[in-house]
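Visitor: Note that my numbering has the sequence shown beginning at 13, numbered continuously upward. Glycine is no exception: its CB is placed at the ideal position from the N, C-alpha and C atoms. None of the values given here were measured: they were computed from a predicted structure. Below is the structure I would like to discuss, written out as structure tokens.
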Amino acid sequence: MRKTITIGYMILIIYTIVHLTFNFSNGNILINIFMLQVDPLILAVFNMLGLFPLAFILFAFTTNKLNKLDFVPLLFGFVLGGFASTPYFIYKEKPLFRKIKWFKEIALVGMIMTFFTILGGLLMGNIHAYIDAFLNDSFVHIMTIDFIFMVFISPLILKPISKYYLLGLIPIIGIFLVIFIESYKENKEN
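Written out as structure tokens, the structure reads:
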């Protein structure tokens with residue numbers, strides 16, 4: 013698991029550097045996002061990249077005792093994109109699920125927020141505008157690659173703690189759902 017995540021992470025970093033060095037294009041999408049003058053699908057993907065670190069922090073709290081250094085990559089995920097949280101999952105060993113009060117409820121709220129973010133993006137967004145932005149703006153391009161990377165490593169991160177790890181392929185909702193299911197199972201057993 014760690015080897016696969018490490019290789020994928022290195023490929024993502026190298027791709028990002030090469031893309032920004034040789035193919036950089038600025039369509040001012042980031043500025044438009046903050047001014048809320050962007051296609052809703054682009055905004056939805058941007059917001060989901062903020063929900064990934066939230067899901068990862070919740071997952072980290074439920075599987076490991078965190079020290080101060082653990083928060084560095086986990087919190088960088090909010091600033092630099094979800095991929096910045098990846099080093100935490102590379103160096104942490106053998107996660108073991110432990111029930112924490114209120115995390116089942118937080119996971120439920122996270123699932124609801126993510127569901128409505130996805131729904132809003134799909135219903136109000138324009139896939140052609142997204143594709144155009146993907147091809148013409150480096151920020152959207154890298155943001156999309158980052159999102160796909162996070163979706164594909166989610167099952168690898170979840171596998172050690174749950175037999176439902178493939179739910180991780182459902183963007184963000186899958187992580188929250190596994191935390192919810194495992195918390196529910198812990199409550200039922202106790």
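Leaving out the 5 sequence neighbours to the left and right, which residues in its chain are closer than 7 Å to Y100 when beta-carbon positions are compared?
Guide: A72, D82, P85, L86
Visitor: Let me know if H140 comes out buried or exposed under the rule of 16 or more other beta-carbons within 10 Å of its beta-carbon.
Guide: Using a 10 angstroms sphere on the CB of H140, the tally of other CB atoms stays under 16, which defines it as exposed.
Visitor: What alpha helix (DSSP H) runs, 4 residues minimum, are completely inside the region 102-158?
Guide: 115-136, 139-148
Visitor: Would you mind reading off the limits of the alpha helix (DSSP H) that contains F36?
Guide: Premise fails: F36 is in no alpha helix (DSSP H) and is neither H nor E.
Visitor: Straight-line CA distance for M155 to E194?
Guide: 30 Å
Visitor: So for D51, helix, strand or coil by DSSP?
Guide: coil
Visitor: Leaving out the 5 sequence neighbours to the left and right, which residues in its chain are closer than 8 Å to F203 when beta-carbon positions are compared?
Guide: Because the chain in this structure spans residues 13 to 202, residue 203 falls outside the shown range and cannot be described.
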